[in-house]
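*Asks:*
Chains as they are written, first to last, in our numbering: chain A, 1 to 306; chain B, 1001 to 1306.
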């Protein structure tokens, strides 16, 4: 028997899936043990506590992606420069080796880096989702967007990531809704329930107005003059920020976009893209597990073992 | 003898100037007693402790501006709709009246409000600086920008504020440099010392790039790949944010701009504007004191008293 433990270990969460030889996800687990909560030297212990029993079964390998491979992570897996695809990742996995106290077979997928507009950019964790989306779509050419704290806009050709750029939209939204003067006008409770009309008007204003620096203040003034209900303002702000992210992109003549991320977020992006005439298709966790499984399979082929 | 105590009581600071009959500033005082630190009902006590001795001199009136006139302030002075100028402010002062325990002669200048791009906008405190700048320039027509936590871009014609809009640039800078992932890359110490080359490159990127949501991430990646010294990054981020603010404005064919605010900030705006071919002239505290003095003088004329 051969099994893969696929892990996405990011800054704020630790998630894993047990995958069989045919690529089927057998079981999933997650723990609130994001990398930022783990001390240097503490990775092995958290790993064993969360996934040790799965790894005890003979024939189980582990492949990880995310911030766990950063300089502050378990073992650093240096960024792969673009263009980068399946073969590049599979051929440059970083073995955890003797930092795994029990000699487990654990490796980390490197992140990717590219240069655009005269500045460097980086990703860690999204590269596996891209591999997964390509496999699920059965294509090597796609425009893939991974919305999140730091959204990644990716151009993929011939199965390889050619270039990408990061938009800090999720972080801007969190800063504005929780730490700015707008926090008084925006209810935290409204984060999950989308007011579609308010969201749409935020997206529309993003494209019509002078930019987020200016538009954001309207969240406060609409509240001040009681021209927007409290429950709608978080959705409106979300529309302003996501709309601003889209405004910074050339959407003219864009074919379908593949969105990969949490359902609630991809739904918002799909809605905003649709309002600009762009069709999209959304993928969730399955893309990450599929990507790690593809990389593992390719690694086995390259190594001539299984 | 007739004296004016001119006060700018904002969210984070309390500043006052004693002005003689001819408009000369005799003395200034400030206290870290911004409105946000004062409890409802505590305004009278803070006022007396800070300025009581000045007000004890017979013939001393007080005129205040800023958030002290907001709903959460000492006494609410409702916003004046644009167009608004000297006569409008002088004719709608809000007397503090019996909320001043000693029966002082204290009044609050109302803020201004306007509607632009389908949304309301507001200011409190900047309106007196506009009045002051116009008097100091000896003109009734100007484009005036008051940079700050919330920058105000103002169009003035025939001595009256026609329209304005707010950009939350100062607040965005503070959020990004202190509370975002970029805080690890930006040194707080560098806030005051401007690295001109780094600032300029930030302004340039703001105009060349895809917008602040995207450009901001380069602060992190330049740090990650050691392509920008730590001491330069705060200036670079400042350039990105101020450049973004300018990008949201139509600067084509703009004549000279009057800047009014803290010296360190107007200097940055003047530099960024100059890089876009826009000439500016800067004013500091003197504009606020001059504005309050002009409004007081006009009030006396309107009331036929002095």
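Quick reminder that beta carbons are idealized off the backbone N, C-alpha and C, glycines included.
Treat the numbers as computed from the prediction; the structure is a model and nothing was measured.
List, from N- to C-terminal side, the alpha helix (DSSP H) runs of 4 residues or more that fit wholly inside the segment 1219-1300 of chain B.
*Replies:* 1230-1247 and 1263-1275
*Asks:* Starting from residue 152 of chain A, trace the beta strand (DSSP E) both ways and give me its first and last residue.
*Replies:* 151-157
*Asks:* Expressed to the nearest angstrom, what Euclidean distance is found between the alpha-carbon atoms of residue 290 of chain A and residue 1244 of chain B?
*Replies:* Cα to Cα, residue 290 of chain A sits roughly 40 Å from residue 1244 of chain B.
*Asks:* Taking only beta-carbon positions, decide if residue 1211 of chain B is within less than 7 Å of chain A.
*Replies:* yes
*Asks:* Taking all protein chains shown into account, decide if residue 8 of chain A is buried (16 or more other Cβ within 10 angstroms of its Cβ) or exposed.
*Replies:* buried
*Asks:* To the nearest angstrom, how far is the alpha carbon of residue 1279 of chain B from that of residue 1254 of chain B?
*Replies:* 9 Å
*Asks:* Residues of chain B with CB closer than 9 Å to the CB of residue 35 of chain A, please, in chain order.
*Replies:* Under the 9 Å cutoff, chain B gives no residues; its nearest Cβ is about 13 Å from residue 35 of chain A.
*Asks:* For residue 949 of chain B versus residue 166 of chain A, is the C-beta distance shorter than 7 Å?
*Replies:* Since the displayed chain B opens at 1001 and closes at 1306, residue 949 of chain B lies outside it and no answer follows.
*Asks:* Roughly how many angstroms separate the alpha carbons of residue 13 of chain A and residue 35 of chain A, rounded to a whole number?
*Replies:* Straight-line Cα distance between these residues: approximately 7 Å.
*Asks:* Quick test of the definition: if touching needs 3 or more C-beta pairs under 8 Å, does the segment 70-86 of chain A touch the segment 113-121 of chain A?
*Replies:* yes
*Asks:* Identify the residues that DSSP records as bridge partners of residue 162 of chain A: which are they?
*Replies:* Answer by DSSP bridge pairing: none, since residue 162 of chain A is not bridged.
*Asks:* Does the count of Cβ pairs from the segment 122-136 of chain A and the segment 1027-1034 of chain B closer than 8 Å reach three?
*Replies:* These segments do not touch.
*Asks:* Quick check on the DSSP output: the alpha helix (DSSP H) that includes residue 90 of chain A runs from which residue to which?
*Replies:* 86-90
*Asks:* DSSP puts residue 1145 of chain B in a beta bridge; with which residues?
*Replies:* B/1153 and B/1259
*Asks:* Let me confirm a value: residue 257 of chain A is counted as buried when at least 16 other C-beta atoms fall within 10 Å, else exposed. Which label applies?
*Replies:* Taking all protein chains in view, the Cβ of residue 257 of chain A is crowded by 16 or more other Cβ atoms within 10 Å, so the residue is classified as buried.
*Asks:* Taking C-beta pairs closer than 7 Å, name the residues in chain A that residue 1266 of chain B reaches, listed in chain order.
*Replies:* Those within 7 Å of residue 1266 of chain B in chain A number zero; the least Cβ separation is about 18 Å.
*Asks:* Since residue 1171 of chain B meets chain A, which of its residues come closer than 8 Å, beta carbon to beta carbon?
*Replies:* 180 and 181
*Asks:* Per DSSP, which one or two residues make a beta bridge with residue 1060 of chain B?
*Replies:* Paired residues: B/1003.
*Asks:* Output the boundary residues of the beta strand (DSSP E) element that contains residue 27 of chain A.
*Replies:* First-last of the beta strand (DSSP E) with residue 27 of chain A: 25-31.
*Asks:* Are there three or more Cβ pairs, one per stretch, closer than 8 Å when the segment 148-167 of chain A is compared with the segment 181-188 of chain A?
*Replies:* no
*Asks:* Run the CB neighbour count on residue 193 of chain A, radius 10 Å, all protein chains shown included, and call it buried at 16 or more, exposed below.
*Replies:* exposed
*Asks:* Per DSSP, what kind of secondary structure is residue 94 of chain A in: helix, strand or coil?
*Replies:* Collapsing the DSSP output to three states places residue 94 of chain A in a strand.
*Asks:* For residue 5 of chain A, which option in A/44, A/39 and A/57 has the closest C-alpha, if you only look at C-alpha atoms?
*Replies:* A/57
*Asks:* Taking a cut of 9 Å between CB atoms, which residues from the segment 216-241 of chain A lie near chain B?
*Replies:* 216, 217, 218, 220, 221, 222, 224, 225, 227 and 241
*Asks:* Could you give the DSSP three-state label for residue 1010 of chain B: helix, strand or coil?
*Replies:* coil
*Asks:* From the beta carbon of residue 1094 of chain B, is the nearest beta carbon of chain A less than 7 Å away?
*Replies:* no
*Asks:* Is there contact between the segment 234-241 of chain A and the segment 1258-1270 of chain B, where contact requires at least three CB pairs shorter than 8 Å?
*Replies:* no
*Asks:* Can you grab the Cα-Cα spacing for the pair residue 99 of chain A / residue 111 of chain A, in whole Å?
*Replies:* Here the C-alpha atom of residue 99 of chain A lies approximately 20 Å from the C-alpha atom of residue 111 of chain A.
*Asks:* Taking Cβ positions only, does residue 320 of chain A come closer than 7 Å to chain B?
*Replies:* Nothing about residue 320 of chain A can be reported from this structure: the residues present for chain A run from 1 to 306 only.
*Asks:* Thinking just about the alpha-carbon of each residue, which of A/62, A/302 and A/103 is nearest to the one in residue 20 of chain A?
*Replies:* Closest by alpha carbon: A/62.
*Asks:* Any C-beta of chain B sitting closer than 7 Å to the C-beta of residue 214 of chain A?
*Replies:* yes
*Asks:* Which term fits residue 1207 of chain B, buried or exposed, when burial requires 16 or more other beta carbons within 10 angstroms of its beta carbon?
*Replies:* Exposed: under 16 other Cβ atoms inside 10 Å.
*Asks:* Using DSSP with H/G/I as helix, E/B as strand and the rest coil, what is residue 1050 of chain B?
*Replies:* Reduced to three states, the DSSP call for residue 1050 of chain B is helix.
*Asks:* If we cut at 7 Å on Cβ distances, does residue 122 of chain A have a partner in chain B?
*Replies:* yes
*Asks:* Inspect the beta-carbon positions of residue 251 of chain A and residue 276 of chain A and report whether they are closer than 7 Å.
*Replies:* yes
*Asks:* Does the beta carbon of residue 177 of chain A come closer than 7 Å to any beta carbon on chain B?
*Replies:* no
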